[in-house]
Structure formats: structure tokens, C-alpha cells
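Okay, structure first, notes after.
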Amino acid sequence: MERKYPTKMFWFFVLTNFLFHFIYLSIPGIILCIVGIWVKSCLWIGLAILGLDVILSIIEQLRIRKAVVTPSDNPEFNELMDAFCGPDGLEAVRKIVDGKIGATPPVKPQEDEG
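Numbering follows numbering that gives the first Met the number 0, in which position 19 of the sequence shown is assigned residue number 18; successive positions increment by one, without gaps.
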């Protein structure tokens, strides 16, 4: 089955990368754009910084997309990515993870020696 990365998730993650992952670019860019209301050079610098932030966010998300759609040697990873790219998306992934957690035997606490 050929995987197709969900378009809505792609743009959602680009937005979250823009706001949070590259926060060191988005905050100064926004501040410079606000200051740019009065000083045009700050506006252009702020827009350039925000443009760089958008470009880096898209590149990062394209790398993640490539990792998701490329088949792996690990069958468990393939199972998760097939579920993620399927019609149910994150809900299917949650069901698989819950099943794996439920199938894992509980860990016995270690007794202290001495």
C-alpha cells in the first residue's frame, strides 16, 4: 500500500513548527513587524525573518513526511505509519498503541538488597 501523508496534518504541523519549533525566529519577526508599523526597515526585516521561519517549517515538515511515507525495515513502525496514513489517522494509531500497551506484561518492582 502506498502511503499518503494527510494534507491537513501537514499544514497543521507546518503551523506548529512556525509558531513553536522555530520560536527564536517567530517572536523576533512578529516584534519587528509590530515595530515596523512606524519604522519601515523593521517591517521588511521582520517579514524576512518570518519568511525564513515559514521556509524552515515547510522543509522540516517535508523531511518528516518523507520519513512517514518511506517504508521501513521495522514492521512495527510500518504498522503505525500505515495506520497514521489511513482513513482513521491518529485514532487508528491510538488503538494500535493501546493494544501494544495492554499486551505488555507488568514490570515487577525490584527489591532493595541489604
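Heads up, the beta-carbon is just placed ideally off N, CA and C, and yes, glycines get one too.
- Boundaries for VAL106: no alpha helix (DSSP H) harbours it, and the DSSP string shows neither H nor E there.
- Taking C-beta separations shorter than 6 Å and ignoring five residues to either side along the sequence, the partners of GLY85 in its chain run ALA91, following chain order.
- The beta carbon of PHE21 is closer than 7 Å to those of ASP52, LEU55, SER56 in its chain, skipping five residues each way along the sequence.
- DSSP places VAL13 inside the alpha helix (DSSP H), whose first and last residues are 6 to 15.
- Taking the C-beta atoms as reference points, ASN16 is found nearer than 7 Å to GLU59.
- Straight across, the Cα-Cα distance linking ASP72 with ILE36 is about 53 Å.
- Going by DSSP, PRO74 is part of the alpha helix (DSSP H) stretching over 74 to 84.
- When THR6, PRO70, TRP43 are compared, the shortest CA-CA separation from PRO27 is found for TRP43.
- In the DSSP assignment, LYS3 falls outside any alpha helix (DSSP H) and carries neither an H nor an E.
- Straight-line measurement puts the Cα of MET8 at about 10 Å from the Cα of LEU14.
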